[in-house]
Every structure is written in C-alpha cells, then in structure tokens.
Amino acid sequence: MAIRSRLRRGGVLQGTWPNAAGAPVTPGWFWPKMHKLGRPLSSAVHRADGSTEMVFDKDFDFNHQIHYVNSPMIVLQPGETITSTCTFDNTTNNPKNPSDPLKVVGWGEGTEDEMFLAFVGITLYREKLTLFSRQPLK
C-alpha cells in the first residue's frame with residue numbers, strides 16, 4: 000500500500016489492505032519503506048469479531064531497511080484487514096531531518112523527499128506447510 004501526501008511539520012498516515020482473496024492468508028513478513036522523516040511504523044490486524052491485534056510495531060531507521068519476519072505466524076481470514084500507520088517528523092526536533100532550513104516535503108524517491116510504503120508478504124494459508132514442500136506434514 001502506498002499513500003501520497005505533502006508534509007509540512009509531519010503527521011500520521013494510514014493505509015489498509017483487506018483480505019479479498021476468498022481464502023485465509025498468512026502475512027509472513029513486513030518491510031517498511033520511508034525516508035529520513037519516517038519515525039514509528041506499525042501494522043495491526045482488524046479481526047471480523049471487532050478485535051485488533053498488533054503484528055508489527057517498530058521505530059523506523061532509514062539506515063536499517065530490512066524486512067521483518069512475522070513470528071509467531073498469524074492467519075488473516077477473508078474480510079479481515081491489515082492497517083499500517085506511519086508517523087513523519089518534519090521538524091527541527093528530528094536530528095535525521097535532511098532539510099535545513101525546513102521545507103515542505105512531498106512524495107518522491109529522493110532521500111530529501113518522503114514516502115510511505117508498507118510491503119507485506121502474503122501467502123495462502125496452509126496448515127503445517129513446510130518451507131520446501133507444498134504438501135502438509137502428516
């Protein structure tokens with residue numbers, strides 16, 4: 000999911016992905032992508048019964064952009080959603096802010112631009128599926 004915005008002082012952005020696969024799925028990993036204004040990023044599953052389960056919650060570090068394996072495994076039923084939320088800090092309080100003096104920041108691929116992408120690796124759920132076989136364990 001990607002959300003475009005223009006940032007003056009910063010703010011909070013959200014994006015939601017619904018499981019419309021018609022079958023249970025497993026979000027296996029999360030890979031947040033922001034630039035130097037990016038701060039905390041979290042992802043939560045919203046269940047059909049109204050409950051919410053936090054499945055990812057990390058402070059973003061531009062110099063440490065990796066994917067995070069989700070453990071323990073979670074299952075997302077059809078109709079349930081994942082919502083990712085990020086916070087940007089475009090103020091002088093952010094020591095990682097590349098702009099001095101401050102400027103309005105828009106969507107872009109440059110380091111002084113900003114973006115919010117929350118990649119989530121989704122596979123169809125198969126109980127007891129091994130890494131090397133599509134056949135369930137017996």
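Terminal number for the sequence shown in numbering that gives the first Met the number 0: 137, no gaps in between. Virtual Cβ for every residue (Gly too), placed ideally from N, Cα, C. Please read all numbers here as calculations on a predicted model, not as lab measurements.
Subject >> CB of W28 within 8 Å of CB of H63, strictly >> reply: no
Original post:
In or out: S83 buried (at least 16 other Cβ within 10 Å) or exposed?
Top reply: buried
Original post:
Taking C-beta to C-beta, are L101 and N89 nearer than 8 Å?
Top reply: yes
Original post:
Beta-carbon separation of R38 and T80 under 8 Å?
Top reply: no
Subject >> I65 in three-state terms, based on DSSP >> reply: coil
Original post:
Is P31 near F59, with beta carbons less than 8 Å apart?
Top reply: yes
Original post:
Residues in its own chain within less than 8 Å of A22 by CB, not counting five upstream and five downstream?
Top reply: P77, L123 and Y124
Original post:
Where does L136 fall in DSSP's three states?
Top reply: Residue placement at L136 is flagged as unreliable, the pLDDT there being 42, under the threshold of 50; a coordinate-derived value is accordingly withheld.
Subject >> Nearest-angstrom Cα separation, counted from G107 out to N18 >> reply: 28 Å
Original post:
Secondary structure at S4, three-state DSSP: helix, strand or coil?
Top reply: With a pLDDT of only 46 at S4, under 50, the local geometry of the prediction cannot be trusted, and no value is derived from it.
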